[in-house]
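Q: In terms of numbering that gives the first Met the number 0, the sequence shown has 14 at position 15, counting the first letter as 1, and numbering is strictly consecutive. Every residue, glycine too, gets a C-beta built ideally from N, C-alpha and C. Owing to the predicted nature of the structure, the values given are computational and were not obtained by experimental measurement.
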Amino acid sequence: MNGFVNLKFALQKTWCVAKPSSDQASLLANINYACAHVDCGILQKGCPCSTPDNLMNRASIAMNLYYQAYGRNHWNCDFRNSALVVVTNPSYGNCIYA
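1. Would you say the segment 59-68 touches the segment 24-34, given that touching needs at least three Cβ pairs under 8 Å?
2. Is Lys18 near the ligand NAP - that is, is its Cβ less than 7 Å away from at least one heavy atom of it?
3. Should Trp74 be labelled buried (16 or more other beta-carbon atoms within 10 Å of its own) or exposed?
4. Just to confirm the assignment, what range does the alpha helix (DSSP H) spanning Cys15 have?
5. Run through DSSP, which three-state label would Ala28 get?
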């Protein structure tokens, strides 16, 4: 049964988001790092994920784009211990997390 539980978790969709306790400098560094490696165009003004326009939201979206692009491994969602892997879809309104 334990193997089944592990397989179920491995097949479960996961997302990477910023920890609420992250400081502004870490969030900004995470945005810069992630967007240097993946296309963060979804964050541009006028796009569905551009609001709310705050660092926590922008960092979560950028970090998740990186996490999804690089294989959804737990180490792709560390960001110097400022991120969390979640199993609840963080999408909102027209902003759909990959």
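A: Let me lay it out:
1. yes
2. The ligand NAP is not among the ligands present in this structure, which contains no ligands whatsoever.
3. Within the sequence shown, numbered from 1, the residue matching residue 74 stands at position 75. The residue is exposed, with fewer than 16 neighbouring Cβ atoms inside 10 Å.
4. Your numbering for residue 15 matches position 16 in the sequence shown. Cys15 -> not in any alpha helix (DSSP H); beta strand (DSSP E) instead, spanning Trp14 to Ala17.
5. Start at 1 with the first residue of the sequence shown, and residue 28 comes out as number 29. Helix, per DSSP.
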